[in-house]
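Report on the structure given below.
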Amino acid sequence: MSTTAPTRSIADLPAQRAAAPKTAAQRTARYFNTGNAFNIQLPPIPDHAFTAEPARALDPDTPTGLIDCDLSAHLQIPVPATTPLSLVRYARIRAGETLNTDFAASGVIVYVMVGSGQTICGDEQIDWNPGDVFVLPGGIPHRYRAAPTADAVLWIVTNEPQLAFEHLRAPVGGGAPTPVVHYPADEIERQIDLIYEIGRGQDIAGSALIFSSERQEAIRNVLPTLTVAMNSLPPGVAQRPHRHNSMAVALIIRGDGCFSMIDGKRKEWSQWATTITPPVAVHSHHNEGDGRAMFLIVQDGGIYYYTRAMGFSFADV
Ligand SMILES: [Fe+2]
């Protein structure tokens, strides 16, 4: 039996077409094979930190508006995207001014970095303050107004690229998977204190506070695909290195003296940066500062829980 490699390979074939199509539907068919259309390799989600975008959002000269953290060119995605399923933005709203949004998303996650104000969503209103987290249903316009005395800066995450991938539209008429949900800063603090008071074993991956709602209580997420958690790290503590198939985008709220290790590479933290932890990468976050680090994390973990493919493991066992 010959061991010589074949001179031709199905991997080198271009898209094949019907030889004699009888209809337009047959003509539009394309045929690939295991050699050229299986285990497709797309540009990986990079180990990246957005620092110019928050600097612009925090600049008093920046007008009211949205600033995208957009990696779509690198990722080869035809719509603005931070990761394949999520889009992170900063919003600056000048004192007394209004920002209107109407995202093609099923849900919108918001963290209040600076300032106070209100958001109107349908017939509901949220009065927000620094450190608050809130979630809004997609499919209806949202109106943000900053208080008349000071500018506001928000961190906003949506799943617009997820919907765009399937050419889906935002749900209308109350079809969104989430209602309006508000997590005020003082309640977040209380819940984190409770987590530390009770403690945990080393088999639990961290001390994150995970946000959910009455409607999402069964899946313990905030949206079917996206999970949101306020993670914290006491001074002198390092996470156990681990990996999972979900990506993470994190807003660094407080992180003096903190850094991450991503696949063996050190990544410094800076306040208000949005940092991406790529899927599957072995990673750990380290606090060598004097205060408790705080970082808000959005992951596409829901889709991996649902497909039974989270792939979580500690890397030190
Ligand atoms: Fe992680």
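Numbering (my numbering), first residue to last: 208 to 524. Beta carbons are placed, not taken as given, at the ideal position from N, Cα and C, and that holds for glycine.
A direct Cα-to-Cα measurement between P441 and V388 gives close to 28 Å. Beyond the five residues adjoining it in sequence on each side, I284 comes within less than 7 Å, by CB distance, of P291 and P368 in the same chain, given in chain order. Within 10 angstroms of the beta-carbon of V524 lie fewer than 16 other beta-carbons, which makes it exposed.
By the 16-neighbour rule on beta-carbons within 10 angstroms, G380 is exposed. With a 10 Å radius around the Cβ and a threshold of 16 neighbouring Cβ atoms, V319 comes out buried.
Judged by the Cβ position, A357 fails to qualify as a neighbour of ligand 1 at the 7 Å threshold, every heavy atom of the ligand being at least this far.
For F372, the uninterrupted alpha helix (DSSP H) run begins and ends at E367 to F372, by DSSP. G322 is positioned such that its CB atom lies no closer than 8 Å to that of A288.
As a beta-bridge residue in DSSP terms, W335 pairs with G324. In this structure, DSSP gives H449 an extended state, which the three-state scheme calls strand. The beta carbon of F502 sits closer than 7 Å to those of N438, A457, L458, I459, I460 and G462, all from its chain and outside the five residues before and after it, given in chain order. Closer than 7 Å to some heavy atom of ligand 1: that describes the Cβ of A455.
Going by DSSP, Y390 is part of the beta strand (DSSP E) stretching over V388 to Y390. Q506 is bridged by DSSP to T434 and A455. T482 and I316 have their alpha carbons spaced roughly 16 Å apart. The secondary-structure analysis by DSSP pairs A516 with nothing; it has no beta-bridge partner. With a cut-off of 7 Å, the C-beta of T305 is classified as distant from ligand 1, since no heavy atom of the ligand falls inside that distance. Closest in C-alpha terms to G346, from the list L370, P337 and T235, comes L370. Taking the C-beta atoms as reference points, I395 is found nearer than 8 Å to G338. Relative to ligand 1, even the nearest heavy atom lies 7 Å or more away from the CB of T326. DSSP lists H449 as the bridge partner or partners of F521.
In this structure, Q446 sits away from S477, with a CB-CB distance that is not shorter than 8 Å.
Contact between the stretch 258-271 and the stretch 297-312 is established, with three or more Cβ pairs separated by less than 8 Å. A distance below 8 Å separates the beta carbons of H281 and P250.
DSSP, read as helix, strand or coil, puts D219 in helix. Excluding the 5 residues flanking it on each side, L430 has same chain C-beta neighbours closer than 8 Å at S313, G314, I316, V342, N366, P384, T385, Q423 and G509, in chain order.
Collapsing the DSSP output to three states places S279 in a helix.
Following the DSSP letters along the chain, one finds P344 inside the beta strand (DSSP E) bounded by residues V340 to P344.
For the pair P228 and A236, the Cα-to-Cα distance works out to about 9 Å.
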